[in-house]
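Asker: Got a structure here, written out as structure tokens. Questions coming.
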Amino acid sequence: MTMMTAGVDAGTTSIKATLLVDGEMRHAVADSPLDPNRTASRLLMGLLDDGVKMKDLDSIIATGQSRRSIKFAKKTVTEVSALAKGTAIVRPSAGTVIDIGAQGVRVVHIGPGGEVKDFALNTKCSAGTGSFLEVTAEIVGVPTSQLDELAADARDRSPINAMCTVFAESEVVSLVARGVERSDIVAGLHQAMVRNLMTTVRQKGTVGEVLLCGGVVMNTDVVKVIGEEMGSGVSMTVAEEPLFIGSLGAAALGGR
Amino acid sequence: MSPFYTAAKHMLRTPDGPSVGYMCEFVPVELIVAVGATPYRMCTGLQETTFSAEEYLPQTFCPLIKSTMGAYGEKPPFDLVVIPATCDGRKHLGELYSDDVNVHMMDVPITGETVHARMLWMKEVQRLRKALQSTFDKKITAKGLKRAILEENGRRELMAQLLEQRKGDLTLSGSDLMLVALMSRYMDVDRWSKAVNVLIASGSKRKTRKEGRTDRSGPRILLTGAPVILPNWKIPLLIEESGGALVLDSLCSGTRTMWQTAEPSGWSIQEMMIAMADRQMMSLCPCQIPFDAAWARIRTVIEDFQIDGIIHHVLQSCHPFGVEATLMRRRMEELDVPLLSLETDYSQEDVEQLRTRIEAFIEMLEGRSNR
Ligand code: SF4
Ligand code: SF4
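Each protein sequence line maps, in turn, to chains A and B.
Numbering of the first sequence is given in this note's numbering, commencing with residue 1 and proceeding in unit increments.
Numbering of the second sequence is given in this note's numbering, commencing with residue 1001 and proceeding in unit increments.
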């Protein structure tokens, strides 16, 4: 019998689904609409082979901030457990995973079998998350996907001091008004965002090798700044499929 | 449990007849009972009233202080208000009340373990006795005080029995246990004791039939930290909703020292005063240093009640419990028991964030027990 398990990671801005068929991974992602339950089931159905039905799956586990709205899931787990499991699969040598999503930063210390040893989550504030970049980049007029390219041209990172998205916004407005290069502003925003996310990382620190995942780590300049902040003593890799570590973990947890 | 639920509904109704509002567990309630007044713990858990308090207090005070100030305004409706000068909020509340409110401050020694601290505190308890006598124009007699001590000790012994049942399978939810403890501050001895006796009896029946509830078989949690007062019940409820077995709390609104009796060496006024003073001095509150006594209790609880993990509750802007979280984390490194420290206020906004933290913590504990 083939083993088929699914994981759904229902985040605040997107929904990720992973199907594990005898260890083979299939992923899909969609923007999070008003109805995460429908979107998730549509995503999952798209991953199934012809003739296979949802009810044939051995398990469906939901995770992510909106996990409780995925009604067809048989179980929910927190992002923390899902990330630990997912990391143990894609990067068994990692002792820590840092996930930077649209609204949340999660730092999880992982034991040898993918179990959670300790964790830290960002508090109410979103200043170290993807939404910080989204909001501030809009003022500069650059789509978030091009931020790293632009930052590559920067001569300097303009200092942005605010610890809060709203205040950072007004700082950016005044930088733009003063005619500061857009590339320098964006590079500065990356620095500010990373500085904010490091407050969550420092709560518990990191153990061993670090895996970075989440939508934000597709931004190469952000990854570079994280590396600088962590120092050369920490070895760090970016997940190959950074969006799907949580959904993969959720799928794998169903296989036990 | 229904007598407790009913009492909880009426909790904010201030007592009829002579009454004394008190703000903290350092106050020996026996003295209040002995003078013929009803003690009433003034701490509140209402969010609405935190906003109105900002008229009097800096926004950065803890929600408990703000809520209490907002609930009573400048005129708490008691014959006497007793406030131990512990944290900054408590120290100053009395000064904000209008002049015609009868306020009695108690000077709580900051370092709890020295000889002169004990002497100072003894004098403070004597001063409280005098204040009560002059407020109600009535003498506190040895006979009256003895009766009050025995009554309150009766309650404490019942609490000790109820706690004894927390070893092993749980027959009562942790949030209910916390409610029982909190309501001891609002129900008279007879009504409270009668209802607790029912719980103890049904608990021991279940225990002998081995009917611990299976839905309470998750990781065993101890809740420590800042007081949890109705209706701000989100932390205990979230722990249980997330599958944790909330074994007991160590909160001053709950069972932290409630099980401890006052043990006078004889029944003279002097001996009884010493016993009460000594008992209250062991409130294990982080407004006093050092942390050693509180830590010793936590260690004992971890062992006696087979605790798998501790959740520490910090109210926003509270310095004593914020520091206690750090002290706990440090000392817990020597034990193999994980700690989750949560900072929150009286709002419902952060419920989902708290839920994720608590669920993740409980999943982590489950993972450890599967090892
Ligand atoms: S925490 Fe300490 S100061 Fe505050 S009410 Fe409890 S015993 Fe009193
Ligand atoms: S929670 Fe902290 S700040 Fe608030 S009253 Fe208690 S000790 Fe004081």
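Where is the CB? At the ideal position from N, CA and C, for every residue including glycine.
Small disclaimer: the values here were computed from a predicted structure and weren't measured.
1. Curious, which full-length beta strand (DSSP E) runs of at least 3 residues does the stretch 1181-1252 of chain B contain?
2. Let me have the residue list for ligand 1: C-beta closer than 5 Å to any non-hydrogen atom, ordered along the chain.
3. Kindly list, in the order they appear in chain A, the residues whose Cβ is closer than 8 Å to that of residue 1356 of chain B.
4. Using 8 Å as the cut-off, classify the Cβ of residue 1090 of chain B as near or not near the heavy atoms of ligand 2, replying yes or no.
5. Within the present structure, is the beta-carbon of residue 232 of chain A separated from the nearest heavy atom of ligand 2 by less than 8 Å?
6. Could you tell me how far apart the beta carbons of residue 49 of chain A and residue 246 of chain A are, in whole angstroms, since I believe they sit closer than 8 Å?
7. What residues match up with residue 172 of chain A in a beta bridge as DSSP calls it?
8. Given a limit of 8 Å on CB to CB distance, which residues of the stretch 203-229 of chain A reach chain B?
9. Against chain A, with Cβ distances strictly below 9 Å, would residue 964 of chain B count as a contact?
10. Any C-beta of chain A sitting closer than 9 Å to the C-beta of residue 1338 of chain B?
11. Could you name each continuous alpha helix (DSSP H) segment of 4 residues or more that falls completely within the stretch 176-229 of chain A, going from the start of the chain to the end?
12. What does a CB cutoff of less than 6 Å around residue 111 of chain A pick up in its chain, not counting 5 residues either side in sequence?
13. For the stretch 101-119 of chain A, which residues have a beta carbon sitting closer than 7 Å to at least one beta carbon of chain B?
14. Chain E partners of residue 1367 of chain B, CB-CB under 7 Å?
15. Would a C-beta distance cut-off of 9 Å place residue 210 of chain A and residue 225 of chain A closer than the cut-off?
16. Measure the beta-carbon distance from residue 137 of chain A to residue 183 of chain A and round it to whole angstroms, keeping in mind my assumption that it falls under 8 Å.
17. Can you determine whether any heavy atom of ligand 2 sits closer than 8 Å to the C-beta of residue 41 of chain A, and answer yes or no?
18. Excluding the 5 residues preceding and the 5 following residue 1338 of chain B in the sequence, name in chain order all residues of the same chain whose CB lies nearer than 6 Å to its CB.
19. Helix, strand or coil for residue 160 of chain A? Go by DSSP, reduced to three states.
20. Could you tell me the alpha carbon to alpha carbon distance between residue 1016 of chain B and residue 1194 of chain B, rounded to whole angstroms?
21. Give the residues of chain A in contact with residue 1328 of chain B, contact being defined as C-beta atoms less than 7 Å apart.
22. What does a CB cutoff of less than 7 Å around residue 1103 of chain B pick up in its chain, not counting 5 residues either side in sequence?
23. In chain A, which residues lie less than 8 Å from residue 1296 of chain B when you measure between Cβ atoms?
24. Assuming residue 1360 of chain B and residue 119 of chain A are in contact, meaning their beta carbons sit under 8 Å apart, how far apart are those beta carbons, in whole angstroms?
25. Name, in chain order, the residues that DSSP records as bridge partners for residue 94 of chain A.
26. If contacts are defined as beta-carbon pairs under 8 Å, then residue 1257 of chain B and residue 1283 of chain B qualify, I think. What distance do you get, rounded to the angstrom?
27. Under 8 Å: does the beta carbon of residue 1294 of chain B sit that close to some heavy atom of ligand 2?
28. Please report how far the alpha carbon of residue 1250 of chain B lies from the alpha carbon of residue 1077 of chain B, in whole angstroms.
29. Spell out whether any CB of chain A is found under 9 Å from the CB atom of residue 1353 of chain B.
30. Which residue from A:197, A:252, A:213, A:24 puts its Cα closest to that of residue 122 of chain A?
31. Tell me whether residue 1347 of chain B, by its Cβ, gets closer than 8 Å to a heavy atom of ligand 2.
32. Have a look at residue 1106 of chain B and residue 238 of chain A and give me their C-alpha separation to the nearest angstrom.
33. Does the CB of residue 1325 of chain B have a neighbour CB from chain A at under 9 Å?
34. Are the beta-carbon atoms belonging to residue 200 of chain A and residue 107 of chain A less than 9 Å from one another?
Answerer: On the basis of the coordinates in this document:
1. DSSP runs (the beta strand (DSSP E)) wholly in the stretch 1181-1252 of chain B: 1220-1225, 1245-1250.
2. B:1024, B:1025, B:1086, B:1252, B:1283, B:1285, B:1287
3. 65, 78, 79, 80, 121
4. yes
5. Answer for residue 232 of chain A: no, Cβ out of range of ligand 2.
6. About 24 Å; that fails the 8 Å criterion.
7. Looking at the DSSP output, residue 172 of chain A shares a beta bridge with no other residue.
8. none
9. There is simply no residue 964 of chain B to check, as chain B begins at 1001 and stops at 1371 in what is shown.
10. yes
11. 182-204
12. Only 117 meet the Cβ criterion.
13. Flagged, chain order: 115, 116, 119.
14. Considering every chain present, this structure includes no chain E. Its protein chains are A and B.
15. no
16. No, residue 137 of chain A and residue 183 of chain A are not in contact; Cβ-Cβ is about 12 Å, not under 8 Å.
17. no
18. 1309
19. Coil at residue 160 of chain A, not helix or strand.
20. 22 Å
21. Neighbours of residue 1328 of chain B on chain A: none; closest Cβ ~15 Å, over 7 Å.
22. 1081, 1083, 1094, 1097
23. Neighbours of residue 1296 of chain B on chain A: none; closest Cβ ~25 Å, over 8 Å.
24. 6 Å
25. A:209
26. 6 Å
27. no
28. Looking at the two C-alpha atoms, the distance is approximately 30 Å.
29. yes
30. Closest by alpha carbon: A:197.
31. no
32. 59 Å
33. Residue-level contact check: residue 1325 of chain B does not touch chain A, since none of the beta carbons of chain A fall below 9 Å from its beta carbon.
34. With contacts defined as CB atoms closer than 9 Å, residue 200 of chain A and residue 107 of chain A qualify as a contacting pair.
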